[in-house]
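S.K.: Residue numbers (the numbering used here), protein chains in the order written: chain A, 315 to 1024; chain B, 315 to 1024. Beta carbons are placed, not taken as given, at the ideal position from N, Cα and C, and that holds for glycine.
2 protein chains.
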Amino acid sequence: MLIALIGAALAGEGMWEPAQVAGLGPELAKAGFAGDAAQLARLDVAPLGAVVSLGGFCTASFVSPDGLLVTNHHCVTGFLQQASREGEDLIDAGFVAADRASERNVGPSGRVLVTTDVRDVTAEVVGKLPPKLPDAERSERIEDASKKLVAACEKPSGVRCRVASFYGGATYRLITQRELLDVRLVMAPPDSVGNYGDEIDNWHWPRHAGDFAFLRAYVGKDGAAAGFAADNVPYRPAQTLAVNPGGVSPGGFVMVAGYPGGTDRWRTAEEFEREATRALPRSILEQQFLLDTFADVAKADPAAGPILEPGRLSIANGMFNGKGTLEGFARSGVVAKAKARDAAIDAWVAADPSRSARYAPALTELRATLAAADARFERDVLLRYMAYASDLYGAATAIVTRAHERQKSDAKRRPGYQDRDEGRTRGSMASMQRGIQLEADRRAFAHALERLAALPDCPPELKTWLGLEAGGDVKVRVAEAVARLYANPPLAREADRVGYLDLPLAKLPKDDAFVSLALAMHPFIERERAEGRARDGALARLRPVYVEALRNALPARAYPDANGTLRVTFGTVQGYRPFDGALYTPQTTLEGLAAKAGAWPFDAAPAHLAAITAGKHGAYGDPTLGSVPVDFLSDLDITGGNSGSPTLDKDGRLVGLAFDGNYEGIASDWFFDANVARTIHVDVRYVLWYLDAVAQADHVLRELGQVPSL
Amino acid sequence: MLIALIGAALAGEGMWEPAQVAGLGPELAKAGFAGDAAQLARLDVAPLGAVVSLGGFCTASFVSPDGLLVTNHHCVTGFLQQASREGEDLIDAGFVAADRASERNVGPSGRVLVTTDVRDVTAEVVGKLPPKLPDAERSERIEDASKKLVAACEKPSGVRCRVASFYGGATYRLITQRELLDVRLVMAPPDSVGNYGDEIDNWHWPRHAGDFAFLRAYVGKDGAAAGFAADNVPYRPAQTLAVNPGGVSPGGFVMVAGYPGGTDRWRTAEEFEREATRALPRSILEQQFLLDTFADVAKADPAAGPILEPGRLSIANGMFNGKGTLEGFARSGVVAKAKARDAAIDAWVAADPSRSARYAPALTELRATLAAADARFERDVLLRYMAYASDLYGAATAIVTRAHERQKSDAKRRPGYQDRDEGRTRGSMASMQRGIQLEADRRAFAHALERLAALPDCPPELKTWLGLEAGGDVKVRVAEAVARLYANPPLAREADRVGYLDLPLAKLPKDDAFVSLALAMHPFIERERAEGRARDGALARLRPVYVEALRNALPARAYPDANGTLRVTFGTVQGYRPFDGALYTPQTTLEGLAAKAGAWPFDAAPAHLAAITAGKHGAYGDPTLGSVPVDFLSDLDITGGNSGSPTLDKDGRLVGLAFDGNYEGIASDWFFDANVARTIHVDVRYVLWYLDAVAQADHVLRELGQVPSL
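Structure, rendered in structure tokens:
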């Protein structure tokens, strides 16, 4: 919420709800939008009507009346793996379906969610809750009310619903979405295009990735949503985006509509400080330990390297992100700014007795509640880390919790353990197999366990299980326990692990050391959960008061934190100053792509480079650049979940796809620094040029309303 | 000579002789010069009258009537070492003389050369040489004529002269210089300012080095040049530069006057190709071997590290330069361009019988002469490398050559072995001691010797000395020889090595293996030298014909290769595009300097950083930047020897000092790529701000005509 942090509205910042867009008319017009803001706010017409979620991790948009969708290449790599047949590697080779019959289903994880309605349900969720309700019960009643609203909203024909919380619980909205379940692969460039530059260029400008791909949504012959069936027919979306093959130029208006996953901009100063001084440095420390351990293990056992590689990449990426965020916090001085902001709120509250009466107790209680959670920081970190770093302990905990939950009726079970979650649970218990490396698992787990056991607030159940209830040498007992746990553990075998899912609680083998540990820890975890429920209830009560005080004390047009719901961000194509003596200009070119070519991850294919060298730009050239623009920068405000979002011009036409942020803006989940935070887009002209000059996918071009010219 | 290479005059390119400057009036005016070109060309008025050489490696300029000189910090590091007293490290700490009496003499290597006259002596040097003269004799007669001109020109009162060759021998000029011998240190910032960024920033933009220092020239009380004496008085230069404390802005006219050492722009296409395909790759290979060897040796023997460090830095810097030059050759396609240019010359020659008669035989002979030298490429490389890589072999060769030369009268001796060179020879034989590391010397020498001995054209003298004249195992013999050479070699001891200088040829100890090897090699080296003399004579005859053909075939305003004589280059303050998606802007700021601060080489002092944070810019701030500019870029054309050169504005006032080139322009000694080749300057405003705000050297500021304002 940097608007309040720095006291002025900033171009580019803001993940606006559709309902807010109607009120942004003057700003939109000033930024260069040529359309009608009220029209733009509507879900039932383009462009917003054409913008869909791929199920949380990515956004896509309909670009033809036959259900053609465009999104990022990095949003479909899992689909490409899934759709690869014996001897094929579609991630590496790319894919172009010659015709509809050749389009390949991407598997059960492929789904498309079209938002059809957003309704305020604050009154139904929290309107009738008595103020004095105990916090744990408040939390339960909010969950129950939400479940009821969802149950009434969802329909088996393919209507999915959820209740989303905005402004820390000040507002609740019921989101209605149409769900399509048969998603097929139409076209994806090779990894050397879609992921050009890989980790070297990731989060960085200048960028030359062709991060685009095409899917198609299918439905049953009756038009209803249906899982894959050979005779399904292409979905006919009511709304599609028009493509502007002329693209957009520096200084031009752009907007992005999509489904950003989550941000933390409405946090208190204490939460900013905690992130900067404790949470991030601590994560980086644990991540570094894991990376060092993986390296050690892989050095001693070369076969371990490939097994650990996906985990290594993910941890390294997380650590890179964490370090960048820390750097952003330091560079911006945002903690001091947040403190000054909260001090201004306190001063505003203190200046008037009626404000003091309304806000002061809640603000004090909010800080106390957050501080109380902080007191358990070390233990919470280690508990989370044990399940994160050790696949075996994570599996044991999940199996034991599930067995407990399954003793209740389905409706009473915790989310994630209901019948509807069974497929996902079994799938992940099986797929976990390819990542298990016992030596790394053991070292990481032992490292966490030893520190947890030595804590003054170590769970007593753990002490008992370790034989430390009457004292004793922690290191010795932990070493003995680790030796027991890792002596040929059944959980490391897929069949045993998945088999445990068929056993009721009483039948779980107590002589399996991991199961025995998870069973022992269960009462503690239940206590923790109850405490968490009380805390959640308190925060649901207190955060809205903080938000209200902030909005009244420092009035500014506000937008809620990202929460996976449809949002619009708008601004300008522009570069930035990455450091003294340099300016990043907002477009890259084919020639810049070719100049980077070489060894992986810059292994552009000869045909791709030859097409660049040929210098034929057809309808896709930018006369100012004298080339086809590849990627471009804007000051738009996106986050994870926005990947694949359509970038729209002043007329709402497609001019690109958002696919990444820059390094200098990596802390944007906490605050948006308009001077340096930038969104990276692939230019639609590069997409069209590639389809025409390299992929020769003329049928895709034509479906996009374009005439092949190369 | 890219003018001819790409067929158009380019802003910034050109190291113009003073005599040429008068004819550049229209170009100078167009570039923004406000003065009179004819006046600018004069050596007896400012600015050129104030621009001096520090003896080949650097340039400086007089900036006060009391002989104050400004140059680069990196030009005075040797002086700072020399002037440091017991317990002092003036390189690290910097130096500010509180008053004249505190100014410290920089030692015998400190000298200042003021160019007072440049006269064409082509007629005297080569005008009377018969066309059919044998080439070896031609070379000798050129040397003799030059010696005579110099002898007639020099005066013991401090007039030094040299004959310099231009355009490969088409023109000879006699340069007359006034030499001042008592140079003292006035002010130098600490290394953390002058060398901020060290090897990390070296050759790179953005840059934040305060690469400036102040010296003062002293003369005897009678005004004549004299070596250091306590009662010498400050020299009173007839000409000084005025300082423009307003500096210069992007787009502004700038020029640099100084003493560039050498360039290779008038080379033939074959020489360009040889450099790119043989000379540079081969140097890099040998440099890499030395670096690897040094690393190995230092790893096994930690004490060796510091001894090898200066050599390592110098080799690493040379290798970096070589690799950058190779990259520049490749990126620019300059070899192909040079071939096209020479083909155009050949076509122009062939198009007219009188041209064919005049040029064709010489062009053919020039290529044959260069090709003949190329045939011995491998042997020449190894011979040069043996003396370069082994201090002991280098010393032995120098001692033996000197003993031979000293059998002749002084006038007949080769340059470098005359009485006037004795001081330097003894000094370098002594100072060599601190760099000798026997194990590294042995490995490098053995590596070269083994390859040389295995060559088909291995010198027969070497074969005999190794006992290989009748065949035998090269590796075994070389290993035996190396064992002999490095069994407690006297040359590794300073006293023995310097002592050999007192022995006549006959008394040199033949049982010293290195001396014995150098004596054995002497006849071969003399033959090589005779061949070289013949080749030099041929090139002195042929290169001017090539130059004439080139200038007639592709007319363009031409400037000669740099040769250590005074030159002027002019152009504009401007940035460049280092790669796709980025622009380097031409100024850096105090805040950019502070943003880099941290561990060495970015160890800015607390007081320095505090002065930046204080934000007081006094008279030195740039209103557009809102800061004090630190360094800036221009498209000027400089090379080694230009370091410390004054950067002058449109009115000839001092606005900065040239101190480096950028990486993209690192191949500029061969061709100037105006798109990316840039000179890096320190801004005079940073110099003044530093003197005022950090060094508090108010007396230096006042001597520069400035009023302290901070």
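Strictly below 8 Å CB to CB, what residues from chain A border Q901 of chain B?
M.R.: One-based indexing of the second sequence puts residue 901 of chain B at position 587. Within chain A, the residues near Q901 of chain B are G895.
S.K.: Name the DSSP bridge partner or partners of V426 of chain B?
M.R.: Locating residue 426 of chain B in the second sequence gives position 112, where the first residue counts as 1. The partner list for V426 of chain B (beta bridge, DSSP) reads B:L494.
S.K.: Our contact map puts V882 of chain B next to A478 of chain B with C-beta atoms below 8 Å; I'd like the distance itself, whole angstroms only.
M.R.: Here residue 882 of chain B refers to the residue found at position 568 when the second sequence is read from its first residue. Here residue 478 of chain B refers to the residue found at position 164 when the second sequence is read from its first residue. The Cβ separation is near 16 Å, so there is no contact.
S.K.: For P943 of chain B versus G565 of chain B, is the C-beta spacing smaller than 8 Å?
M.R.: Counting from one through the second sequence, the residue named residue 943 of chain B turns up at place 629. Counting from one through the second sequence, the residue named residue 565 of chain B turns up at place 251. Against a cut-off of 8 Å, the Cβ pair of G565 of chain B and P943 of chain B comes out as no contact.
S.K.: What whole-angstrom Cβ distance do T490 of chain B and T436 of chain B have, given they're in contact under 8 Å?
M.R.: As a working mapping, residue 490 of chain B is identified with position 176 in the second sequence. As a working mapping, residue 436 of chain B is identified with position 122 in the second sequence. Their Cβ separation, rounded to whole angstroms, is 16 Å, which puts T490 of chain B and T436 of chain B out of contact at 8 Å.
S.K.: Go ahead and pull the three-state DSSP assignment for H995 of chain B.
M.R.: To locate residue 995 of chain B, count along the second sequence from 1; it is residue 681. Strand, per DSSP.
S.K.: Could you give the distance in angstroms between the alpha-carbon of N509 of chain A and the alpha-carbon of N631 of chain B?
M.R.: The residue you call residue 509 of chain A lines up with position 195 of the first sequence. The residue you call residue 631 of chain B lines up with position 317 of the second sequence. Looking at the two C-alpha atoms, the distance is approximately 35 Å.
S.K.: Of all the alpha helix (DSSP H) runs that stay within the bounds of the segment 508-564 of chain B, which reach a length of 4 or more residues?
M.R.: If we require 4 residues or more, the alpha helix (DSSP H) runs fully inside the segment 508-564 of chain B come out as 512-515.
S.K.: Got a sec: which bits of the segment 516-550 of chain A sit with their beta carbon under 8 Å from any beta carbon on chain B, in order along the chain?
M.R.: Those residues of the segment 516-550 of chain A that come within reach of chain B (Cβ to Cβ, closer than 8 Å) are W519, P520, R521, H522.
S.K.: Measuring only the C-alpha atoms, how far is V464 of chain B from C772 of chain B?
M.R.: By 1-based counting over the second sequence, the position of residue 464 of chain B is 150. By 1-based counting over the second sequence, the position of residue 772 of chain B is 458. V464 of chain B and C772 of chain B: Cα-Cα distance of roughly 39 Å.
S.K.: From V861 of chain B to Y481 of chain B, what does the alpha carbon distance come to, in whole angstroms?
M.R.: Translated into positions along the second sequence, residue 861 of chain B becomes position 547. Translated into positions along the second sequence, residue 481 of chain B becomes position 167. Their backbone Cα atoms lie some 7 Å apart in a straight line.
S.K.: DSSP on L324 of chain B, reduced to helix/strand/coil?
M.R.: For the purposes of this step, residue 324 of chain B is identified with residue 10 of the second sequence, where counting begins at 1. With a pLDDT of 48 at L324 of chain B, under the threshold of 50, the modelled position of this residue cannot be trusted, and the question is left open.
S.K.: Can you list the residues of chain B that A972 of chain A reaches, using a CB-CB cut of under 7 Å?
M.R.: Here residue 972 of chain A corresponds to residue number 658 of the first sequence, with the count starting at 1. Simply none; closest approach about 17 Å.
S.K.: Assuming A858 of chain B and D826 of chain B form a contact by the criterion Cβ under 8 Å, report the distance between their Cβ atoms to the nearest whole angstrom.
M.R.: As a position in the second sequence, residue 858 of chain B is number 544, starting the count at 1. As a position in the second sequence, residue 826 of chain B is number 512, starting the count at 1. It should be noted that the sequence gives Pro, not Ala, for residue 858 of chain B. About 46 Å separates the two Cβ atoms, so there is no contact after all.
S.K.: When you compare the segment 588-598 of chain B with the segment 996-1010 of chain B, are there three or more beta-carbon pairs, one atom per stretch, that lie closer than 8 Å?
M.R.: Touching, no, given that fewer than three Cβ pairs across the two stretches are closer than 8 Å.
S.K.: Can you give me the Cβ contacts of L839 of chain A inside the same chain, cut-off strictly under 8 Å, excluding the 5 residues immediately before and after it?
M.R.: As a first step, residue 839 of chain A must be located in the first sequence, where it is residue number 525. Before going further, note that residue 839 of chain A is Ile rather than Leu in the sequence given. Result list for I839 of chain A: T711, T715, in chain order.
S.K.: Whole angstroms is fine: what's the gap from L324 of chain A's alpha carbon to D987 of chain A's?
M.R.: Walking along the first sequence from the start, residue 324 of chain A turns up at place 10. Walking along the first sequence from the start, residue 987 of chain A turns up at place 673. Summary for L324 of chain A: the model assigns pLDDT 48, below 50, so the residue's position carries little reliability; its value from the coordinates is reported in the next sentence. Between L324 of chain A and D987 of chain A, the C-alpha separation is close to 9 Å.
S.K.: According to DSSP, simplified to helix, strand and coil, what is F691 of chain B?
M.R.: Numbered from its first residue, the second sequence carries residue 691 of chain B at position 377. Note: F691 of chain B maps to helix in three-state DSSP.
S.K.: Is L529 of chain B near F409 of chain B, with beta carbons less than 8 Å apart?
M.R.: Mapped onto the second sequence, residue 529 of chain B falls at position 215. Mapped onto the second sequence, residue 409 of chain B falls at position 95. In this structure, F409 of chain B does not lie closer than 8 Å to L529 of chain B by Cβ.
S.K.: Which of the residues in the segment 906-938 of chain A, read from start to end, lie with their CB under 9 Å from any CB of chain B?
M.R.: Those residues of the segment 906-938 of chain A that come within reach of chain B (Cβ to Cβ, closer than 9 Å) are G906, L907, A909, K910.
S.K.: Would you say I926 of chain B and L947 of chain B are within 8 Å of each other, going by their C-beta atoms?
M.R.: By one-based count along the second sequence, residue 926 of chain B stands at place 612. By one-based count along the second sequence, residue 947 of chain B stands at place 633. No, these two residues do not count as a Cβ contact at 8 Å.
S.K.: So Y890 of chain B contacts chain A; which residues on that side make the cut at Cβ distance below 7 Å?
M.R.: As a position in the second sequence, residue 890 of chain B is number 576, starting the count at 1. The premise fails here: Y890 of chain B is roughly 11 Å from chain A at the closest Cβ pair, so nothing lies under 7 Å.
S.K.: Would you verify that the beta carbon of Y898 of chain B is, or is not, closer than 8 Å to some beta carbon of chain A?
M.R.: To locate residue 898 of chain B, count along the second sequence from 1; it is residue 584. Closer than 8 Å: yes.
S.K.: Which full runs of the beta strand (DSSP E) of 3+ residues lie inside the segment 390-435 of chain B, going along the chain?
M.R.: Complete beta strand (DSSP E) runs here, min 3: 426-434.
S.K.: Of the residues A:S460, A:A762, A:I980, A:G851, which one's Cα is nearest the Cα of P444 of chain A?
M.R.: Taking the first residue of the first sequence as 1, we reach residue 444 of chain A at position 130. The option with the nearest alpha carbon to P444 of chain A is A:G851.
S.K.: Roughly how many whole angstroms lie between the Cα atoms of K964 of chain A and I980 of chain A?
M.R.: Locating residue 964 of chain A in the first sequence gives position 650, counting from the first residue. Locating residue 980 of chain A in the first sequence gives position 666, counting from the first residue. If you take the alpha carbons of K964 of chain A and I980 of chain A, they lie about 27 Å apart.
S.K.: Quick check: the Cα distance between P920 of chain B and D525 of chain B, rounded to an integer number of angstroms?
M.R.: Taking the first residue of the second sequence as position 1, residue 920 of chain B is located at position 606. Taking the first residue of the second sequence as position 1, residue 525 of chain B is located at position 211. If I take the Cα positions, the gap works out to 19 Å.
S.K.: Is the beta carbon of A854 of chain A sitting closer than 8 Å to the one on S597 of chain A?
M.R.: As a position in the first sequence, residue 854 of chain A is number 540, starting the count at 1. As a position in the first sequence, residue 597 of chain A is number 283, starting the count at 1. Against a cut-off of 8 Å, the Cβ pair of S597 of chain A and A854 of chain A comes out as no contact.
S.K.: Using the three-state DSSP reduction, which class does A911 of chain B fall into: helix, strand or coil?
M.R.: The residue given as residue 911 of chain B occupies position 597 in the second sequence. Reduced to three states, the DSSP call for A911 of chain B is coil.
S.K.: When you compare the CB positions of W580 of chain B and D875 of chain B, do they come within less than 8 Å of one another, or not?
M.R.: Here residue 580 of chain B refers to the residue found at position 266 of the second sequence. Here residue 875 of chain B refers to the residue found at position 561 of the second sequence. Against a cut-off of 8 Å, the Cβ pair of D875 of chain B and W580 of chain B comes out as a contact.
S.K.: Using C-beta distances below 8 Å, list every residue in its chain close to T577 of chain B, excluding the 5 sequence neighbours before and after it, in chain order.
M.R.: Taking the second sequence and counting its residues from 1, the one referred to as residue 577 of chain B is at position 263. Excluding sequence neighbours, T577 of chain B sits near M329, D875, A876, T953, S982, D983, W984.
S.K.: If the criterion is Cβ atoms closer than 8 Å, does the pair Y673 of chain A and T373 of chain A meet it?
M.R.: The count along the first sequence starts at 1 and reaches residue 673 of chain A at position 359. The count along the first sequence starts at 1 and reaches residue 373 of chain A at position 59. Result no, Cβ atoms of Y673 of chain A and T373 of chain A do not sit closer than 8 Å.
S.K.: So, is V1021 of chain B buried or exposed, given that buried needs 16 or more other C-beta atoms within 10 angstroms?
M.R.: In the second sequence, the residue the question calls residue 1021 of chain B occupies position 707. Exposed, because fewer than 16 other Cβ atoms sit within 10 Å of the Cβ of V1021 of chain B.
S.K.: Might you give, ordered along the chain, the residues of its own chain that have their beta carbon closer than 6 Å to the beta carbon of S563 of chain B, omitting 5 neighbours on each side?
M.R.: Here the question's residue 563 of chain B lines up with position 249 in the second sequence. Nothing meets the Cβ criterion.
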